[in-house]
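**Q**
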Amino acid sequence: MHQSTLNSLKSHSVKNLEKQVIRFTVGQYSLSGILTKSIRNSKEVILLLHPHPLYGGDMDNPIVMSLENKLLQLGFATFRFNFRGASNSHDSFEGMSGAVIDTEKAAQSLKERDYVLYSVIGYSFGGSAALRFAISNPLMFLITLSASLSLFTESGYPLHTLSGINCPILMFHGTSDRVVPFTDMEVLSAEMEQKAKTVQLSNEGHFYIHSISTILYEVEKFISSLKKT
175 MHQSTLNSLK SHSVKNLEKQ VIRFTVGQYS LSGILTKSIR NSKEVILLLH PHPLYGGDMD
235 NPIVMSLENK LLQLGFATFR FNFRGASNSH DSFEGMSGAV IDTEKAAQSL KERDYVLYSV
295 IGYSFGGSAA LRFAISNPLM FLITLSASLS LFTESGYPLH TLSGINCPIL MFHGTSDRVV
355 PFTDMEVLSA EMEQKAKTVQ LSNEGHFYIH SISTILYEVE KFISSLKKT
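The sequence shown begins at 175 in my numbering and counts up by one.
Written out as C-alpha cells, the structure is:
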C-alpha cells in the first residue's frame with residue numbers, strides 16, 4: 175500500500191479506543207485476538223479474517239487494519255485474531271476447515287463475553303473462510319475481498335452450499351489479481367444468486383494498492399444501505 179494512502183487513513187483514525195486482548199483455545203492450541211471498540215456500550219462486533227497464514231498473513235495485515243478503522247468510525251466493535259499457522263506457528267495449521275473452526279471458536283469467545291456477532295469480513299484466505307462460516311452462522315451481512323474458489327472448495331467442500339448463506343453479501347475483486355483469479359468472484363457469486371453484490375476493481379491486483387479508498391467507500395455505502403432497510 176502506498177505510504178500516502180496509509181497516511182491518509184491514519185489521519186482519519188478513530189480516537190479514544192478501547193482495546194482488549196482476548197485469548198481462546200482451539201484443541202491444544204491457544205489463539206488470541208484484539209477486540210477494539212470506540213463506544214463503551216458497543217456490543218455489535220465484526221470479525222476480521224486475514225489472508226493465508228502460511229504466506230505471511232496475520233491480523234495486522236494493512237488491509238485488515240484499514241477495514242477495522244472504517245468499521246470503528248461507523249460505530250462497530252471489531253475483533254481480529256490470528257488463525258492457526260500465523261506468526262511462525264505453521265505446525266498448527268489445518269487448512270480451510272481448520273480456519274473455519276478457528277473462526278467459530280473466536281465467535282464463541284465473544285458470545286461468552288456478551289458480545290453479539292454482527293458480521294464477518296474476510297480478505298483472500300480469510301474471505302473463503304468467511305464464506306464457509308456464513309453458511310451455518312447467521313449474520314447481518316458478509317463482505318469478502320479476493321475470496322478464493324480453490325480454497326473454498328478445498329478437500330471437496332461442495333460449492334452449492336453457498337446458496338445456504340442468508341444475508342446480504344458484498345464481494346470485491348481486482349481484475350488483474352494474479353494470486354486469486356478474478357473469475358473466482360464470478361463463480362462464487364453465481365452460487366449465491368441475488369444475495370451477492372460484486373464490485374469489479376479494474377486493473378487492480380491482489381493487494382489493493384490503488385483501490386483501498388474505493389473499497390472503504392463501498393463498505394460504508396453498503397452498510398448504510400442495510401441500516402435503511
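Backbone N, C-alpha and C define an ideal beta-carbon position, used for all residues, glycine too.
Going along the chain, which unbroken runs of the beta strand (DSSP E) with 3 or more residues stay wholly within the region 274 to 358?
**A** The qualifying runs are 290 to 297, 315 to 319 and 343 to 348.
**Q** Hey, how far is the Cα of His224 from the Cα of Ser298?
**A** Here residue 224 refers to the residue found at position 50 when the sequence shown is read from its first residue. Here residue 298 refers to the residue found at position 124 when the sequence shown is read from its first residue. Each residue's alpha carbon lies about 7 Å from the other.
**Q** Kindly indicate the opening and closing residues of the alpha helix (DSSP H) around Ser261.
**A** Locating residue 261 in the sequence shown gives position 87, counting from the first residue. Element bounds for Ser261: n/a, residue is neither H nor E.
**Q** Helix, strand or coil: how does DSSP classify Gln368 here?
**A** Counting from one through the sequence shown, the residue named residue 368 turns up at place 194. Helix, per DSSP.
**Q** Flag this pair as touching only if the region 348 to 359 and the region 372 to 386 have three or more C-beta atom pairs under 8 Å; answer yes or no.
**A** Yes: at least three Cβ pairs fall under 8 Å.
**Q** Any C-beta of chain D sitting closer than 8 Å to the C-beta of Asp234?
**A** Chain labels in this structure do not include chain D; a single protein chain is all it has.
**Q** Taking Phe396 as part of the alpha helix (DSSP H), name the residues at either end of that continuous run.
**A** Translated into the one-based positions of the sequence shown, residue 396 becomes position 222. Its alpha helix (DSSP H) spans residues Ile386 to Lys402.
**Q** Hey, how far is the Cα of Leu387 from the Cα of Glu394?
**A** The count along the sequence shown starts at 1 and reaches residue 387 at position 213. The count along the sequence shown starts at 1 and reaches residue 394 at position 220. A small correction: the amino acid at residue 387 is Ser; Leu does not occupy that position in the sequence shown. Ser387 and Glu394: Cα-Cα distance of roughly 11 Å.
**Q** Could you tell me the distance, in whole angstroms, from the CA atom of Ser216 to the CA atom of Ala364?
**A** In the sequence shown, residue 216 corresponds to position 42, counting from 1. In the sequence shown, residue 364 corresponds to position 190, counting from 1. Taking the straight line joining both Cα atoms gives about 35 Å.
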